[in-house]
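The next block holds one structure in the form of structure tokens; read it before the comments.
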Amino acid sequence: MLLLLSAGTLQAQYSHLYYHRTGDTIQYDSPIYYHGWWGFEESYHSRGRTAVIMGGGPYAKELLSYHFTPAPLEVIGVATATLLRPWDQLTQSFVPPTRQEYLLIYEATPDSVFKVAEYPIDPYADTSRHIHVRGRMHRGNETSDTSRCCDGIRWDHLVPLTEYYFDSPVTVYDSFYVGYSDYSAATSPLCLSYSQWGAYTDHARKGCRWEDEEDSQSGNAICDLSWPTIRIGYSYPVASLDANDTLYANFHWIPLVFPIIRVDTTVPPAQYCPPVENLRVENLGGGTVQISWDAHPDHRYGYDVQTGSVGQPTSAWTTRYSEQNFIQIDGLQAGRGYYVRVRGFCDAEEIDISDWCQAVGFTLEDSTTAILQPSALSQHTTLHPNPATGSVAVSSDYVILSLDLYDAAGRHLWNQPVGSQHISIDLSALPAGRYLLMVSTPAGTTPKALIKQ
4 MLLLLSAGTL QAQYSHLYYH RTGDTIQYDS PIYYHGWWGF EESYHSRGRT AVIMGGGPYA
64 KELLSYHFTP APLEVIGVAT ATLLRPWDQL TQSFVPPTRQ EYLLIYEATP DSVFKVAEYP
124 IDPYADTSRH IHVRGRMHRG NETSDTSRCC DGIRWDHLVP LTEYYFDSPV TVYDSFYVGY
184 SDYSAATSPL CLSYSQWGAY TDHARKGCRW EDEEDSQSGN AICDLSWPTI RIGYSYPVAS
244 LDANDTLYAN FHWIPLVFPI IRVDTTVPPA QYCPPVENLR VENLGGGTVQ ISWDAHPDHR
304 YGYDVQTGSV GQPTSAWTTR YSEQNFIQID GLQAGRGYYV RVRGFCDAEE IDISDWCQAV
364 GFTLEDSTTA ILQPSALSQH TTLHPNPATG SVAVSSDYVI LSLDLYDAAG RHLWNQPVGS
424 QHISIDLSAL PAGRYLLMVS TPAGTTPKAL IKQ
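Going by the working numbering, the sequence shown opens with residue 4, and the numbers climb by one from there.
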């Protein structure tokens with residue numbers, strides 16, 4: 004469907020490089036797709052969170068997965084990495100759906116959701132286009148009480164991809180949901196289900212058991228990334244639920260259905276290595292400062308941090324490398340002005356390097372200096388109360404994937420998987436002092452200074 008693409012800015016010079024490249028293969032991701040979660044490349048390059056693509060089902064008439072945008076987002080269609088053809092589990096064959104199925108977009112209010120767009124699915128649409136996705140998965144080593152363990156092995160998949168474009172765009176803001184219907188399976192006497200691809204994550208954790216893979220309101224901190232999900236017409240046999248109930252819960256399977264957004268097609272697409280945001284300098288005393296910044300998901304290979312004195316040319320500044328999105332620098336002198344700037348590395352060969360962020364000044368007389376404008380990620384992620392005593396509540400409009408705590412000396416104290424938007428952290432075992440809490444989300448990792456009283 005080309006109604007939207009035939010008019011307006013999408014007919015700009017490079018639009019053919021972004022939209023409707025029928026039959027081609029997208030490598031790893033696309034700038035026109037907006038994700039609530041997309042951790043495949045991260046898992047491929049690291050030994051952290053595993054990410055597996057596999058088939059699954061919603062157990063509902065509609066499955067909706069959470070997304071968040073800090074600014075209005077113009078959605079021009081929906082893409083799905085799926086086969087989208089109903090599968091009869093009795094006859095082991097594809098069959099026509101008994102009802103029309105749809106890709107769906109819902110807006111969210113504080114107490115409800117409402118549909119803003121739907122597009123009818125063509126079960127026999129052309130699937131010659133693919134997206135090349137890679138990540139890590141479990142080795143499958145099992146014992147009597149653990150079903151998964153050990154380091155993940157790398158995998159590569161070519162997944163069928165279908166794009167559907169709206170006649171007119173839809174604008175979403177703040178929290179919204181994207182998903183698909185499965186009316187046929189919910190109403191048919193046959194055992195029908197879509198061969199739907201989704202992300203199934205984190206089963207490589209030692210001690211994870213199959214019975215731990217369950218829906219919950221808080222997420223399963225041991226075994227799973229549980230994603231905020233709405234299932235309308237929930238049909239899985241649970242004693243406390245009727246067949247037509249709407250279930251709001253964290254679900255451990257994330258459908259690969261995502262919005263297609265309007266982008267600037269007057270410039271060619273490029274490997275995106277974004278500049279550092281939310282740079283901060285905090286005076287730790289004794290001539291030492293801690294410099295921290297947001298880590299974008301593409302900053303997989305660390306950072307260069309340059310510091311220099313006022314009046315010193317940039318060619319004479321000192322360069323330090325940091326694997327993490329913070330660093331401590333000592334030996335600074337009171338009464339002297341300094342500059343700092345940071346850049347990120349997006350590949351191991353140091354070809355894709357971000358621009359240096361703006362170089363700005365600080366002195367030891369500044370207790371805390373917000374160097375750059377706070378990022379959207381930082382503004383939408385909070386700690387309360389802070390300073391704290393017994394506990395602190397961590398909240399984000401993005402989903403919190405995990406938390407990492409560092410002490411004032413920069414030592415890593417612990418990591419905690421989360422998989423929800425809110426979590427309360429018990430601080431009773433920590434001595435009083437200053438800490439750095441790293442809050443990891445799909446949009447990146449933002450540092451938060453935490454004071455324990």
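Note that CB positions come from ideal geometry on N, CA and C, so glycine has one too.
Under the 8 Å Cβ criterion, the region 433 to 448 counts as touching the region 291 to 301, having at least three qualifying pairs. Contact between the region 388 to 401 and the region 334 to 353 is absent: fewer than three C-beta pairs spanning the two stretches fall below 8 Å. Beta-bridge annotation (DSSP): Asp-429 is paired with Ser-394. Counting along the chain, the unbroken alpha helix (DSSP H) around Tyr-47 starts and ends at 43 to 48.
For the pair His-415 and Tyr-409, the Cα-to-Cα distance works out to about 5 Å. In the three-state reduction of the DSSP assignment, Gln-336 falls in the coil class.
Between the C-alpha atoms of Ser-115 and Asp-177 there is a straight-line separation of about 14 Å. Across the structure, Gln-424 and Ile-332 are spaced so that their CA atoms are roughly 33 Å apart.
Counting C-beta atoms within 10 angstroms of its own C-beta, Ile-354 has fewer than 16 neighbours from the protein chains shown and is therefore classed as exposed.
Between Val-81 and Ile-108 the beta-carbon gap is near 7 Å, inside 8 Å, which marks them as a contact. DSSP lists Tyr-342 as the beta-bridge partner residues of Gly-364.
For Lys-455 and Asn-286, the gap between their C-alpha atoms comes out near 17 Å. Look at the beta carbons and you see the region 320 to 334 not touching the region 375 to 392: under three pairs across the two are nearer than 8 Å. When the Cα atoms are used, Gln-293 and Phe-329 turn out to be separated by approximately 7 Å.
In the DSSP assignment, Lys-455 forms a beta bridge with Ala-391, Gly-436. Look at His-19 here: in three-state DSSP terms it is helix. In the DSSP assignment, Ser-381 falls within the unbroken alpha helix (DSSP H) covering 379 to 382.
Secondary structure at Ser-423: strand, using DSSP grouped into helix, strand and coil. DSSP, read as helix, strand or coil, puts Tyr-186 in helix. Ser-49 and Ser-405 have their C-alpha atoms roughly 15 Å apart. Secondary structure of Ser-318 (DSSP, three-state): helix.
DSSP lists no bridge partner for Asn-328.
If you check the CB distance, Leu-164 and Ala-84 come in under 7 Å. Taking a 10 Å sphere around the C-beta of Glu-368, we find fewer than 16 other C-beta atoms and assign the residue as exposed. Relative to Trp-359, the option among Trp-320, Asp-307, Gly-311 whose CA is nearest is Asp-307. For a cut-off of 8 Å, the C-beta gap from Gly-39 to Tyr-69 is around 6 Å, short enough to register as a contact. Assignment of Pro-126 by DSSP, reduced to helix, strand and coil, places it in the coil class. DSSP lists Val-181, Thr-232 as the bridge partner or partners of Ser-68. Within its own chain, the residues whose Cβ lies closer than 6 Å to the Cβ of Asp-407, once the five positions on either side in sequence are excluded, are Asn-418, Met-441, listed in chain order.
Around the beta carbon of Val-270, fewer than 16 other beta carbons lie within 10 angstroms, which makes this residue exposed. Nearest to Glu-77 by alpha-carbon distance, out of Thr-112, Tyr-36, Leu-259, is Tyr-36. Under DSSP, Tyr-31 shares a beta bridge with no residue.
Listed as beta-bridge partners of Thr-448 by DSSP are Ala-298, Ser-443. Ser-171 and Glu-352 have their C-alpha atoms some 42 Å from each other.
In its chain, beyond the 5 residues on either side, Tyr-176, Ala-379 have a beta carbon closer than 8 Å to the beta carbon of Ala-74. Of the residues His-387, Pro-231, Glu-104, the one whose Cα lies closest to the Cα of Leu-430 is His-387.
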